[in-house]
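Following: one structure in structure tokens, then a few remarks.
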Amino acid sequence: MKYLVLLIGDGEEQPWPSLTEAEQGALMQKFGEFDAECQAREGVEILGGEALGGPSDATVMRTRGGEVTLTEGPYAEALEGLGGFYLVESPDLDTLVDCLRKLPRYDMQIAPVLDMS
Amino acid sequence: MTPGGPGPHPVLAQVVREDWGRLLGLLIRRHGRPDLAEDALAEALASAAEQWPRDGIPDNPQGWLTQVASRRLLDAIRREATAAGKAHLLAVPEEAPPRHTHGPGGTEDDRLPLLFMATHPALAPEVRPALALRFVLGVPTADIAALFLVPTTTMAARLTRAKQRLRAIGAGFRVPEEPDLGARVDDVARAIYLAFTAGYAPREGEAVVHVEATGEAVRLAHLTRALLPNTVVLQALCALLTLQHARRDARTDEQGGLVRLADQDRSLWRRDEIDAGLVLLQGLSPTKGYAEELRLQALVGAFHDSAATSAETDWAAIARTYARLERLTGSPIVRLNRAVAVAEVSGPMAGLRLLQAAADQLPGHHRIHVVRAGLLRREGDTEGARAAYDQALKTCPDGPERRHLLSRLGELPPA
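Chains A and B, in that order, give the protein sequences. With this note's numbering applied, the first sequence covers 69 to 185. With this note's numbering applied, the second sequence covers 446 to 860.
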């Protein structure tokens, strides 16, 4: 199955800008550990993943009555903290969660990708 | 039962009782689809009920059922694909290879991953006990519904939603790994304990059925312990359930009314089960977390079970055990129980003082008033007891417990 993992809140981690350089390095290392964990497991593959610009750089696009409007900022408060995402192939949710334990202790939303083929 | 007669075939009934979980586990391991596997197995059992009396029992009944159920499951997957217009994409081999290999030897009992799937943390805690009984033991949905005091259609809908969610999220069919394993085993123990305590909720009518379903929770606890030996939390669970369940025959009178522990006919308690529970308990050392909660509760059960008469109960030891349990859990219900025990040791006033703190945390809970009424009555405060019973009756639902309260109220001397 494919899963979209949204890194959606700092959770038990301190906000990135408030970290010292050493702390930032330690945090980055966890992303590397997550990579390694995924590689080590059969059937798990990171298909994509990026860090995202902050909420002030986000644009919301809406279509109402056929008219497209663009507004500044995130779609909803809940998405303000959205800092990055992964698209991961995994045999099941449990295996994915085992891998995600390696990441910093962020709050995440895990959504299964529907098979539309 | 005569062959071909109505009702389940005796061999079939035995296979369902002994092998339901293994058969269902095998199907899900092979094909995934926790949402469809049970229906496929049920269809295979229906075919068996029709064919076995006519054609004779197959040499390998379990193999026969697995094969038929597998075919039914693949049919269902095909129908689904056709309905979605995706039949051309479907490449399901007749005998799909196992989706996962297991630990050393690959001989893991399929009921174990099935149990972890049924109690998956991505499911609501309330549905996990029901799904565990259904998946692992094949307890009929109607019996599970009766156990949890909801209509069968409600329980059926709950189970269906849970199975669909397992499918949608891609829940794993496997035994969890460290460091997750401990927490997941605790979840399993919690689910089984919830199933057990549901059976002890005061209820009307067909009490016998409920005791049977409660017995299934005990059976599930012992099965789980056998599948995961040397697990402290499961040993504590089995000790607790065994020690409590041993009193089942004395809990209700002939009219289905509640009989308080103090009034129970102790000759009806199952001595052999109590002895077995004590052996389990004695094998445990003080520990921590949920295992310790269960161990301390089992210890309380053991103090009750070991008293030849109600008057000989070691209330001081019970009060000490509840004090430890309260420190561990901070639960107001534990404090309530501790208040009862302390009242037995140090008198009703000492109990009442402890009770006040629990009352602040549990406003409107009728048991607070029930306990207060009992203590005030022993203190000789008839009017206070009457007022407390009246308070309790305001929130106590209809049923045996309410009737019991009304009769206690009626026993008070007139004002």
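Where a beta carbon is used, it is the ideal one built from N, C-alpha and C, also for glycine.
Worksheet item: Arg-132 of chain A bridges to which residues according to DSSP?
Response: Per DSSP, A:Glu-135.
Worksheet item: Roughly how many whole angstroms lie between the Cα atoms of Pro-549 of chain B and Gln-609 of chain B?
Response: Confidence is the limiting factor: at Pro-549 of chain B the pLDDT is only 38, short of 50, which leaves the residue's position unreliable, though a coordinate-based value still follows. In a straight line, the C-alpha of Pro-549 of chain B is about 31 angstroms away from that of Gln-609 of chain B.
Discussion item. Looking at chain B, is there any beta carbon in it that lies within less than 9 angstroms of the beta carbon of Asp-160 of chain A?
Written reply: Interface annotation, Asp-160 of chain A: in contact with chain B, CB-CB separation under 9 angstroms.
Worksheet item: Among residues of its own chain, excluding the 5 on either side of Asp-183 of chain A, which ones have a beta-carbon nearer than 6 angstroms to its beta-carbon?
Response: For Asp-183 of chain A, where only same-chain residues beyond five positions count, there are no Cβ hits under 6 angstroms.
Practice prompt. In the DSSP assignment, find the unbroken alpha helix (DSSP H) run with Lys-70 of chain A in it and report its ends.
Written response: Here Lys-70 of chain A belongs to no alpha helix (DSSP H); instead the beta strand (DSSP E) covers 70 to 77.
Worksheet entry | C-beta contact flag for Leu-706 of chain B and Ser-755 of chain B at 9 angstroms | Ser-755 of chain B sits close to Leu-706 of chain B, with the two beta carbons spaced by under 9 angstroms.
Practice prompt. Taking Arg-619 of chain B as the query, report the chain A residues whose CB atoms sit under 7 angstroms from its CB, ordered along the chain.
Written response: Listed along chain A, the residues sitting closer than 7 angstroms to Arg-619 of chain B by beta-carbon distance are Asp-162.
Discussion item. Measuring only from the beta carbon, is Pro-180 of chain A closer than 8 angstroms to any heavy atom that is part of the ligand MN?
Written reply: This structure does not include the ligand MN; it has no bound ligands of any sort.
Discussion item. Quick check on Ala-833 of chain B: buried or exposed, where buried means 16 or more other Cβ atoms within 10 Å of its Cβ?
Written reply: Buried: at least 16 other Cβ atoms inside 10 Å.
Worksheet entry | Any chain A beta carbon closer than 9 angstroms to Ala-613 of chain B | By the rule that beta-carbons nearer than 9 angstroms mark a contact, Ala-613 of chain B touches chain A.
Practice prompt. Under 8 angstroms by Cβ, that's how I've got Thr-564 of chain B and Ala-636 of chain B pegged, so tell me the actual separation to the nearest angstrom.
Written response: Between Ala-636 of chain B and Thr-564 of chain B the Cβ distance is about 5 angstroms, and since that is below 8 angstroms, they are a contact.
Worksheet entry | Anticipated Cβ contact below 8 angstroms, Leu-115 of chain A with Val-156 of chain A, distance rounded | 6 angstroms between Cβ atoms; contact.
Discussion item. Quick check on DSSP: helix, strand or coil for Ile-502 of chain B?
Written reply: Note: Ile-502 of chain B maps to coil in three-state DSSP.
Worksheet item: So, is the C-beta of Pro-172 of chain A closer than 9 angstroms to a C-beta in chain B?
Response: For Pro-172 of chain A, no Cβ of chain B is located within less than 9 angstroms of the residue's own Cβ.
Practice prompt. Would you list, in chain order, the members of the segment 499 to 532 of chain B that have their beta-carbon closer than 8 angstroms to a beta-carbon of chain A?
Written response: Per Cβ criterion, the list reads Lys-531.
Worksheet entry | Residues that DSSP places opposite Val-156 of chain A in a beta bridge | Listed as beta-bridge partners of Val-156 of chain A by DSSP are A:Tyr-71 and A:Ile-114.
Item to complete: Take Gln-861 of chain B as the anchor and find which of B:Cys-683, B:Leu-799 and B:Arg-692 has the nearest alpha-carbon.
Response: Only positions 446 to 860 of chain B appear in this structure, which leaves residue 861 of chain B out of reach.
Worksheet entry | chain A contact for Ala-567 of chain B (CB, 9 angstroms cutoff) | Under the 9 angstroms criterion on CB atoms, Ala-567 of chain B is classed as interfacial with respect to chain A.
Worksheet entry | Sequence-distant residues of the same chain with beta carbon closer than 7 angstroms to Glu-771 of chain B, five excluded per side | Correct list, in chain order: Val-779, Arg-780 and Arg-783.
Practice prompt. Could you round the C-beta distance between Gly-93 of chain A and Gly-149 of chain A to whole angstroms and report it? I think they count as a contact, below 8 angstroms.
Written response: Contact flag wrong, Cβ pair sits at about 22 angstroms.
Fill in: Under 9 angstroms by beta carbon: chain A residues contacting Ala-616 of chain B
The contacting residues are Asp-160, Leu-161 and Asp-162.
Discussion item. I want to know whether the segment 724 to 734 of chain B touches the segment 696 to 703 of chain B - three or more CB-CB distances under 8 angstroms.
Written reply: No, the segment 724 to 734 of chain B does not touch the segment 696 to 703 of chain B.
Worksheet item: Going by C-alpha distance, which of B:Val-581, B:Ala-528, B:Ile-502 and B:Gln-801 is nearest Ile-473 of chain B?
Response: Closest option to Ile-473 of chain B, judged by alpha-carbon separation, among B:Val-581, B:Ala-528, B:Ile-502 and B:Gln-801: B:Val-581.
Worksheet item: Is Cys-747 of chain B buried or exposed, if buried means 16 or more other CB atoms sit within 10 Å of its CB?
Response: Correcting the residue type first, residue 747 of chain B is Ala in the shown sequence and not Cys. Buried is the label assigned to Ala-747 of chain B, since at least 16 other Cβ atoms lie within 10 Å of its Cβ.
Practice prompt. Run the CB neighbour count on Leu-799 of chain B, radius 10 Å, all protein chains shown included, and call it buried at 16 or more, exposed below.
Written response: That one is buried.
Fill in: Neighbour-count burial assignment, Thr-511 of chain B, 16 or more Cβ in a 10 Å radius
Around the CB of Thr-511 of chain B, 16 or more other CB atoms lie within 10 Å, so the residue is classed as buried.
Worksheet item: Counting only beta-carbon atoms, is Pro-624 of chain B nearer than 9 angstroms to chain A?
Response: Residue-level contact by beta carbon holds for Pro-624 of chain B and chain A, with a gap shorter than 9 angstroms.
Worksheet item: Distance, Cα to Cα, Pro-172 of chain A vs Arg-619 of chain B?
Response: Spanning the alpha carbons of Pro-172 of chain A and Arg-619 of chain B requires a straight line of approximately 25 angstroms.
Discussion item. Using a Cβ-Cβ distance cut-off of 9 angstroms, determine whether Ile-242 of chain A contacts chain B.
Written reply: The structure shown does not extend to residue 242 of chain A, since chain A is modelled only from 69 to 185, so the question has no answer here.
Worksheet item: Taking the Cβ atom as the reference point for each residue, do Asp-160 of chain A and Gly-470 of chain B lie within a distance shorter than 9 angstroms?
Response: No, these two residues do not count as a Cβ contact at 9 angstroms.
Item to complete: Using alpha carbons as the reference points, say which of B:Gly-722, B:Ala-587, B:Pro-842 and B:Ala-646 lies closest to Ala-666 of chain B.
Response: Looking at the Cα atoms, B:Gly-722 is the closest of the given residues.
Fill in: Opposing strand residues paired with Gln-177 of chain A [DSSP bridges]
Bridge partners of Gln-177 of chain A: A:Leu-74.
Worksheet item: Is the Cβ of Arg-169 of chain A closer than 9 angstroms to any Cβ of chain B?
Response: So yes, Arg-169 of chain A belongs to the interface.
Practice prompt. Return helix, strand or coil for Glu-140 of chain A, following the three-state DSSP convention.
Written response: Three-state DSSP puts Glu-140 of chain A in a strand.
Discussion item. At the level of alpha carbons, what is the spacing between Ala-613 of chain B and Tyr-174 of chain A?
Written reply: Computed Cα separation, rounded: 23 angstroms.
Worksheet item: Which of helix, strand or coil does DSSP assign to Thr-127 of chain A?
Response: In the structure shown, Thr-127 of chain A sits in a strand (DSSP, three-state: E or B).
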